[in-house]
Amino acid sequence: MRTSHAVPVSLAEIARIAGVGRAAVSNWRRRHDSFPSRIGGTDVSPQFSLAEVEHWLRENGKLDAVGGRELLWPRFEALGSRDESGLAVAEAARRMRLPRSRVTSPALSEEARELAGEAARLGRSEGPRETFDFLLQRWLDTHVRQLSTTPAPLASLMTRIALNARLGAVRGNEGDKGPGGLTVFDPACGTGHLAVAAVQEYDGPDLTLLGCERDPALAALAVARLGFATEARGGVHTEIATADALREDPFAGLQADIALCNPPFNERDWGYEELATDQRWAHGLPPRTEPELAWVQHVLAHLRPGGSAVVVLPPAVASRKAGRRIRGSLLRTGMLRAVVALPPGCAQPHSVSLQLWVLRAAPEAPGANPQDALLVDATRLAKPGSREQGPDWDALSDFVQSALSHLDSEEGALPDGTVRIPLLDLLDDEVDVTPGRYTSMTSEPSGGELASSWGELTTGLSRLMELAENLSKLGLTSGKSRTTATVGDLVKAGALTLRAGAQPSDGEALPLDSGIPLLTVADLLMDGTPSTRVAYEASQTVAEEGDVVVAGVVRAFSAWVHEGPPVALGPQLHALRVDPAKLSAHFLAGCLRAPSNGRQAGTHASSSSRVDIRRLHVLQLPLEEQGRYALGFRRLTALRALLTSTDRLGRSLADDMGDRLAAGGLTVGE
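Numbering of the sequence shown is given in numbering that gives the first Met the number 0, commencing with residue 0 and proceeding in unit increments.
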């Protein structure tokens with residue numbers, strides 16, 4: 000079994016090292032007696048010695064050219080500690096950028112220092128930045144449950160918002176121009192996602208990046224990351240402090256041009272007692288239960304007059320009773336200028352509709368404070384029906400920037416989902432600045448939108464009539480019953496393979512740009528869109544294009560042919576792969592999802608009862624006749640989808656017309 004010095008790797012990691020699929024590694028293991036023996040793990044998720052695997056791959060000519068980085072990563076992971084592996088990656092980056100430096104992090108073990116040196120040598124041959132980016136991404140993916148990151152599209156959007164909001168303040172106040180260049184501040188910078196976005200979005204002179212991070216590993220990685228991001232650009236000064244920004248502010252007295260922040264959420268131990276008399280609380284001492292409002296005021300305290308900030312916050316901050324006094328003060332002083340409600344999936348936690356608060360420090364020049372705030376509801380800009388988690392970033396960015404272009408101007412019509420609310424309407428007993436509370440009252444459809452809805456409804460009804468005409472021509476057969484076979488019989492005959500889904504062994508969710516989507520029964524009961532992503536393991540059941548997927552539970556029983564990219568299947572979901580010489584996938588799916596089929600194969604004890612997939616019946620027909628039946632099944636599927644969409648559209652149209660009619664907004668003929 001495993002020795003004390005062996006670095007373990009899984010089948011999935013071996014596949015990445017060799018640059019092949021997981022199935023290929025499983026085949027090697029079955030076909031080659033010389034394949035390394037398991038040193039740990041389980042029968043389902045075995046582990047092997049990295050050294051033995053590397054030797055076997057080289058001996059058998061299966062080591063791909065990209066294997067260098069992949070061979071390196073398991074050794075970083077084997078360091079065990081999240082902090083030490085992160086510091087080792089940062090040390091490797093420092094050596095790549097400063098090869099003559101002899102300074103080494105005292106926090107690293109001898110093994111970690113040696114590994115950092117190997118990574119630096121590999122980086123000089125395969126590209127320093129490419130090697131660092133690879134190691135950083137693998138480190139972030141491995142520790143995704145312990146870290147909160149800002150996805151690159153969101154970081155870019157936040158930066159553009161802050162730059163435009165600041166420039167609006169400058170154009171509106173001649174006394175607010177300040178010195179040349181730009182100072183960007185992030186008091187909870189993590190690994191530097193927002194600072195990197197600032198480098199990419201700001202192309203002016205003299206850029207200063209100031210960040211603070213209390214986690215030493217994250218701070219070291221931020222320094223390394225920004226070093227690579229700014230090395231080809233002159234006039235950039237970077238300083239990352241390792242400190243708790245709220246408790247021990249390393250940038251006291253700083254006045255930045257813009258601030259970007261994705262602070263930690265729901266932290267009760269943020270320093271409430273020791274910071275009770277802190278001068279930063281110009282809008283009131285944040286309650287113990289409102290740490291996010293402490294971060295908001297901390298950011299505002301570090302903005303120059305007219306400077307702007309964009310902060311990511313959970314939606315409850317906009318409405319919680321404990322924070323209403325501070326929200327009211329932010330509105331009265333004109334510092335809270337806009338709130339943007341984002342669609343779920345923009346950042347962790349992915350199931351929550353996060354918000355962007357757009358803040359601006361009061362300019363030095365005297366003038367009346369703004370008397371309104373802009374509220375933007377962008378929650379509708381998710382990808383409807385997509386198998387990919389997350390928003391449509393291009394549409395979201397365009398919409399939000401278009402809406403916020405009205406921040407300082409009342410010219411032109413506001414985009415749909417955007418409303419300018421007078422402060423008198425916001426400063427009530429609740430001071431609730433949730434955009435959806437106000438935009439829903441102003442989102443009546445325009446005349447053009449009503450006409451478009453009528454057009455869609457008419458098109459849908461026409462398509463329904465066309466399908467009805469085709470399906471009504473299907474004639475009844477004679478009373479003689481046709482022969483059927485069960486799924487179990489077909490598996491034994493080799494006509495198909497059956498694989499059951501399962502909960503991933505590690506249970507860890509991954510960011511949007513990692514792993515593969517995981518489909519569960521709970522997702523099917525919502526809208527059928529996978530709500531999380533997981534690492535791709537060889538032992539997982541993954542449905543690929545053309546596979547038949549069956550939900551084996553009474554409350555969600557269905558069967559369909561999977562289309563699109565691969566998706567991992569959770570418990571009670573099954574993948575059936577047909578032999579195309581014997582079975583049509585669409586024919587099989589149509590037979591399986593017949594309601595009577597589910598009833599006879601289910602236990603019916605409750606809605607959560609399981610359906611025995613092997614007992615489901617399938618007609619026995621020649622392949623040519625299966626094709627004709629498959630066409631009928633596909634038309635029935637289209638009929639169901641059209642009935643659902645037409646019903647939804649018709650109800651929405653009737654509701655909109657009812658509201659307009661009740662408000663006297665429609666003309667009624669004789």
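A virtual CB, placed ideally from N, CA and C, is assigned to each residue, including glycine.
Quick one: what does DSSP say LYS176 is sitting in, helix, strand or coil?
Its pLDDT being 38, under 50, LYS176 is placed unreliably in this model, and the coordinates cannot settle the point.
Rounded C-beta distance between LEU670 and ALA151? I'm assuming under 8 Å.
With the chain covering only 0 through 669, there is no way to say anything about residue 670.
Is GLY306 helix, strand or coil when you go by DSSP?
strand
Do GLY597 and TYR628 have their C-beta atoms closer together than 9 Å?
no
Supposed contact pair VAL610 and PHE556 - C-beta distance, whole angstroms, cut 8 Å:
6 Å
Compute the Euclidean distance between the alpha carbons of GLY283 and ASN163, then round it to the nearest angstrom.
28 Å
State the start and end residues of the unbroken beta strand (DSSP E) segment that holds GLN671.
This structure cannot settle anything about residue 671, because the visible part of the chain is limited to 0 through 669.
Would you give the residue range spanned by the beta strand (DSSP E) that PHE131 belongs to?
From DSSP, PHE131 is part of no beta strand (DSSP E) but of the alpha helix (DSSP H) over 127 to 141.
Would you mind reading off the limits of the beta strand (DSSP E) that contains ASP371?
371 to 376
Comparing alpha-carbon positions, which option in ALA640, GLN370, GLU543, ALA584 lies nearest ARG331?
GLN370
Would you say PRO45 lies against chain C (beta-carbon separation less than 9 Å)?
Of the chains in the structure shown, none is chain C; there is only one protein chain.
Beta-carbon separation (whole angstroms), LEU206 vs ALA258, contact threshold 8 Å:
In fact, because the Cβ distance is near 14 Å, the residues do not count as touching under 8 Å.
Check whether the Cβ atoms of LEU423 and GLY327 sit closer than 9 Å, and answer yes or no.
no
Can you tell me the Cβ-Cβ gap for LEU466 and ARG634, rounded? I've got them flagged as a contact below 8 Å.
6 Å
In the segment 567 to 606, which residue ranges form an unbroken beta strand (DSSP E) of at least 3 residues, counting only runs that do not cross its ends?
572 to 577
Thinking C-beta only, is ILE612 closer than 9 Å to GLN400?
no
Is there contact between the segment 182 to 193 and the segment 140 to 150, where contact requires at least three CB pairs shorter than 8 Å?
yes
Helix, strand or coil, according to DSSP, for ASP32 in the structure here?
coil
Based on Cα-Cα distance, which residue from GLY252, ALA228, GLY435 lies nearest to PHE184?
GLY252
Can you find at least 3 beta carbon pairs, one from the segment 292 to 312 and one from the segment 393 to 408, that sit closer than 8 Å?
no
Between the segment 539 to 547 and the segment 564 to 577, do at least 3 Cβ pairs fall closer than 8 Å?
yes
Could you compute how far the alpha carbon of GLU12 sits from the alpha carbon of ALA197?
34 Å
Other residues of its chain near GLY333: CB distance less than 8 Å, five sequence neighbours each side excluded
ARG359, ALA361, ASN368, PRO369
The beta strand (DSSP E) with TRP356 in it runs from where to where?
354 to 359
Can you grab the Cα-Cα spacing for the pair GLY514 / PRO263, in whole Å?
25 Å
Kindly indicate which residue of GLY233, LEU245, PRO249 has the alpha-carbon position closest to the one of ILE239.
PRO249
VAL667 classed as buried or exposed, judged by whether at least 16 other C-beta atoms fall within 10 angstroms:
exposed
Short check: CB of LEU380 to CB of ALA394, under 9 Å?
yes
Report, in whole angstroms, the separation of the C-beta atoms of VAL8 and LEU49, which I expect to be a contact under 8 Å.
5 Å
To the nearest angstrom, report how far apart ARG650 and SER644 are at their CA atoms.
10 Å
Taking contact to mean 3 or more Cβ pairs, one atom from each stretch, closer than 8 Å, check whether the segment 312 to 321 and the segment 269 to 277 are in contact.
no
Leaving out five residues before and five after ARG128 in sequence, what residues of the same chain have Cβ atoms less than 6 Å from its Cβ?
PHE227
In the DSSP assignment, find the unbroken beta strand (DSSP E) run with GLU200 in it and report its ends.
Run containing GLU200: none in the beta strand (DSSP E); it sits in the alpha helix (DSSP H), 192 to 200.
Classification of GLY344 by the beta-carbon crowding that lies within 10 angstroms, buried from 16 upward
buried
Just curious, the beta strand (DSSP E) that TRP280 is in, first and last residue?
Segment: none, TRP280 is in no beta strand (DSSP E) and carries neither H nor E.
Please classify PRO204: does DSSP put it in a helix, a strand, or coil?
coil
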